[in-house]
Amino acid sequence: MADIRVPGPVSGEVLGLIGCLDDRPFLQATVTADAGRMALAVNGATASATRWLEDGDVITAGALRVECHFDAEALRFSVAYTDTEYATLPPVAAAPATAAPAITAQRMRTPAPAPRRRRPWWLYASLALLGLLALELFTARAVGIQVVPAQARLSLQGSWLALKLGKRYLLHPGSYQLEMTAEGYEPLTAPLVVGEARSQEFQFRLEPLPGRLVLSSAPGGQLQLSVDGQPLQPAADGSYAVAAGSHRLRVLAPRYQPYEATVEVTGRGERQEVPLALVPDWADVSISSEPPGARISVGGEALGATPATVPVGSGQKEIELRLEGYKPWRQTLAVTAGQQLVLPPVKLQEVDGLLEVASQPPGAAVSIDGRYRGVTPLETEIAPGRPHQVLVAKPGYDTASRSISIERRGSASLRLELVARVGPVRVQSDPPGAEVFVDGASRGPAGQELMLLAVPHRIEVRKAGYASFTTEVTPRPGMPQLVQARLLTPQQAAIAAVPKTLATKQGQELRLVGPGEFETGAPRREQGRRPNETERRIRISRAFYIGLREVTNREYREFRPSHTSGAEKYKQLAGSDHPVVMLGWEDAASYCNWLSDREGLPPAYVLRDGALRLAAPATRGYRLPTEAEWEWASRYNGGAGERRYPWGDQMPPEPDSGNFADQSARGFVANVLSDYNDGYPVTAPVGRFRPSPLGIFDLGGNVAEWMNDRYTVYGAGADVLVDPQGPDTGQYHVIRGSSWRQASISELRFAFRDFGDQGRLDVGFRLARNAD
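Just so we're aligned, residue -13 is where the sequence shown starts under the numbering used here, counting upward by one.
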């Protein structure tokens, strides 16, 4: 900001201000051309208000002349002063025509000095206010704010002075809080961040309040209203809150047909009545029986006794009549709402006679006249006075058939001997000399042919020094079968019997990972590579188990009930199914020993030289995975090579890849992935995202994990390292895997190596265990 002074008597007045709005210069005159006062003029015309300036305009005031030169690159003002003399200089006297008469000198008295005139305080206050206004105009930014609806009331917080010119505000760069309200709309408070640009635009939209629907002409009973397929509950006044717009309504009322309609809801809190024209959904059904007095029921609901006229809902309905001493009568009716049905009289039939069926052996299936009745021994009712065909069948036996009739309200019995059906089965063993067992009973040496009942049998072949061989076979009459048993030594059987998965008593699942060879670390040219990611050739020589999921707060609190996982900072961290965090390496190792002891396993860690270390020789107790085991399991890609990231080889992460520092974590961490949102600002429940090709969850994301190894930086080497476990000593332990706090290319890679000696909000662990 600069001042341009106008020559002449000093008055202290500001004649005008030159400013710029939306990159367009303007002049604001502050003094009018009153009598005796100097004022500004533009192109010879007195300036009495604010006006825009154009290229070539000339501003004058007394002896001042300012020329305006504007182009696309700059605004230039040329200032010049004319030679006009002040109006207060004394006039030049003319030469006298004749000699002046002599003047007699007189003694003059010095008059008393006039009191000095003080300038009024309001003048200085005005000058200060004008100065502040000029500073505001020259440093503020023009900000346009558009709100829908246009009648919304705005309140700007964060500025003591917010000037408004037309539809724009003059604001300094910075952050403000904008409050917007309008009748019939939800109030909105939003941040307003003004940048450095001279002109800026902001747009906001208020959401209308939902409308209040009132269902009129409704029958008695409870109604069920669904809007666009979503059920709604009424408010205390019986109205329903529905958002503005077009909606599909569906109303269900007992004994009425569903009512559907499309309604345009105005919203903004307005009440709307929806008239209902419900159509009855039942018909009267008249029914009688011989004899009368039978109980009438529809769908299990008792409706009366015959004869009667009862209301029955529309659709396919089964009506039933029951009377003691008579068979139940049932019939399915097609009921149309509003159309009365009159059924012909129903003649009830007396109950049947009683038939007892037995077989040897028992347990055979019985069917009468083609209808299954149960298994022997059996008692069942059959109609009297006519013959019935009885079939008795059992697997491994020939079917038996008999025809029988029974007197009215009489009884009869039928006992059948079933003929066995057998088939030949030969059992051979390698090596020979084994003993054969059928369904647990010894049947002699292998190599013989057995005649077995034609039902499934459990065949077991045993020989000293070998593991038993077991299979199942179903003999077929007339068709010989061969069972070949290849017996394994205990060592061979142990390898074959290793389960692919196992579970702890807490319910954690671990997966078997086989041996293999791979290259750890990252090549020098890989983007995001760190110096501690040396490439080394690793061989995993023994199979091992690794946890499918990270250990949760619920599981860890069985070991240490008071552990909070940092809930004092973020309460979400303490969720029961979230991974446990804020624990050191020794805490994780101690939990492994506690779980081993609980399951009767020897501890994997022992106290040696004042620190927990892996026991030697190794045990089958639970432990932390070695760094090599973790990376071998993480990078496995089902035969398609090794993976760089949890989701593949390229950034950015694919949807459902894991819990990383995403958009939901803004405000929790400094750096986030701008194009990824997993919905969890801190930790997520374990196993919530897509697993690895091995079925293991959260190897990347959620929380990083403690490894068994102590930390060191390895040098390059050509030798293959077999089952490395890290150095014997060291202050720090290795941490592998990315977490919910990480978003960089370097941290999201599987090759990323970290270390620590204390618990963190984003570090947990998972279980591992030797397979042999």
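For each residue, glycine too, the CB sits at the ideal point set by N, CA and C.
CB of residue i within 8 Å of CB of residue j, strictly
i: A754; j: R609; result: yes
i: R198; j: A227; result: yes
i: A427; j: A453; result: no
i: F188; j: V129; result: yes
i: P373; j: S397; result: no
i: T362; j: A350; result: yes
i: L211; j: P277; result: no
i: P589; j: N579; result: yes
i: L559; j: Y531; result: no
i: Y162; j: G181; result: no
i: S300; j: D267; result: yes
i: V469; j: V459; result: yes
i: A440; j: R407; result: yes
i: V720; j: E613; result: yes
i: V332; j: V298; result: no
i: A138; j: M166; result: yes
i: R51; j: A66; result: yes
i: I526; j: G502; result: yes
i: G644; j: G687; result: yes
i: L209; j: V237; result: yes
Candidates the options, of which the one nearest residue i by Cα
i: Q434; options: V441, P314, A440 and E421; result: E421
i: L3; options: P(-7), D(-11) and D9; result: D(-11)
i: T68; options: R621, A47 and L600; result: A47
i: S387; options: P370, S353 and L685; result: S353
i: A575; options: A183, G607 and L264; result: G607
i: L164; options: R154, E(-1) and P177; result: P177
i: E505; options: G681, R523 and R511; result: R523
i: L474; options: G451, L488, A489 and G493; result: G451
i: L61; options: L7, V749, T18 and A323; result: L7
i: R546; options: K557, M568, G430 and G533; result: M568
i: A553; options: A230, R746 and A25; result: R746
i: A344; options: R359, R127, Q132 and G464; result: R359
i: L39; options: E(-1), F63, A239 and L238; result: F63
i: T295; options: L327, G285, T318 and P314; result: L327
i: A15; options: L1, I282 and G371; result: L1
i: S725; options: E691, A757, V17 and V699; result: E691
i: L400; options: L341, A482, P638 and Y556; result: L341
i: L156; options: L174, R184, Y171 and V133; result: R184
i: A471; options: T457, H55 and P461; result: T457
i: R191; options: V179, L174 and V200; result: L174
i: S245; options: F683, Y556, E193 and V213; result: Note on identity: in this sequence residue 245 is Tyr, with Ser being the wrong assignment. Out of F683, Y556, E193 and V213, V213 has the C-alpha closest to the C-alpha of Y245.
i: V411; options: V405, P417 and P463; result: P463
Host beta strand (DSSP E) of residue i (start-end)
i: R674; result: That residue, R674, is in no beta strand (DSSP E); it is neither H nor E in DSSP.
i: S283; result: R281 to V284
i: L680; result: That residue, L680, is in no beta strand (DSSP E); it is neither H nor E in DSSP.
i: I524; result: R522 to I526
i: S353; result: A351 to I354
i: R395; result: That residue, R395, is in no beta strand (DSSP E); it is neither H nor E in DSSP.
i: A516; result: Residue identity check: residue 516 is Arg in the sequence provided, not Ala. Careful: R516 lies outside any beta strand (DSSP E) and carries neither H nor E.
i: Y531; result: F530 to G533
i: Q186; result: S185 to R191
i: Q346; result: G339 to Q346
i: P177; result: L174 to V180
i: T366; result: L364 to I368
i: E165; result: G160 to T167
i: Q132; result: R127 to V134
i: A690; result: A690 to R696
Residue i: first and last residue of the uninterrupted alpha helix (DSSP H) it sits in
i: Y155; result: Taken as a continuous stretch (DSSP letters only), Y155 belongs to no alpha helix (DSSP H), being part of the beta strand (DSSP E) at R154 to L157.
i: L734; result: I731 to L734
i: N779; result: There is simply no residue 779 to check, as the chain begins at -13 and stops at 758 in what is shown.
| task | Could you name each continuous beta strand (DSSP E) segment of 3 residues or more that falls completely within the region 399 to 464, going from the start of the chain to the end? | result | Complete beta strand (DSSP E) runs here, min 3: 408 to 416, 421 to 424, 427 to 431, 435 to 439, 443 to 448 and 455 to 459.
| task | Ignoring anything shorter than 4 residues or poking outside the region 584 to 647, list the alpha helix (DSSP H) runs there in chain order. | result | Runs of alpha helix (DSSP H) with 4 or more residues, each lying fully within the region 584 to 647, are found at 613 to 621, listed in chain order.
| Is the number of C-beta pairs between the region 650 to 660 and the region 724 to 741 that are closer than 8 Å three or more? | Contact between the region 650 to 660 and the region 724 to 741 is present, because at least three Cβ pairs lie under 8 Å.
| Whole alpha helix (DSSP H) elements within the region 216 to 287, 4-residue minimum | Taking only runs of at least 4 residues, no alpha helix (DSSP H) segment lies wholly in the region 216 to 287.
| query | Does the region 526 to 538 come close enough to the region 672 to 686 that 3 or more CB-CB pairs lie under 8 Å? | reply | These segments touch.
| said: For the structure I just gave you, are there three or more beta carbon pairs, one from the region 637 to 652 and one from the region 605 to 623, closer than 8 Å? | reply: Between the region 637 to 652 and the region 605 to 623, the count of Cβ pairs shorter than 8 Å is below three; the stretches do not touch.
| Is the region 265 to 280 touching the region 292 to 312, taking contact as three or more C-beta pairs under 8 Å? | At 8 Å Cβ cutoff, the stretches touch.
| query | Can you give, in chain order, each stretch of the alpha helix (DSSP H) that sits fully within the region 291 to 323 and has at least 4 residues? | reply | Within the region 291 to 323, no complete alpha helix (DSSP H) run reaches 4 residues.
| Given 8 Å as the limit, is there contact between the region 707 to 719 and the region 689 to 696, that is, 3 or more CB pairs closer than that? | Cβ pair count under 8 Å is three or more, so yes.
| Runs of beta strand (DSSP E) lying entirely within the region 482 to 514, each at least 3 residues, in chain order | The region 482 to 514 contains these whole beta strand (DSSP E) runs: 487 to 489, 495 to 499 and 502 to 506.
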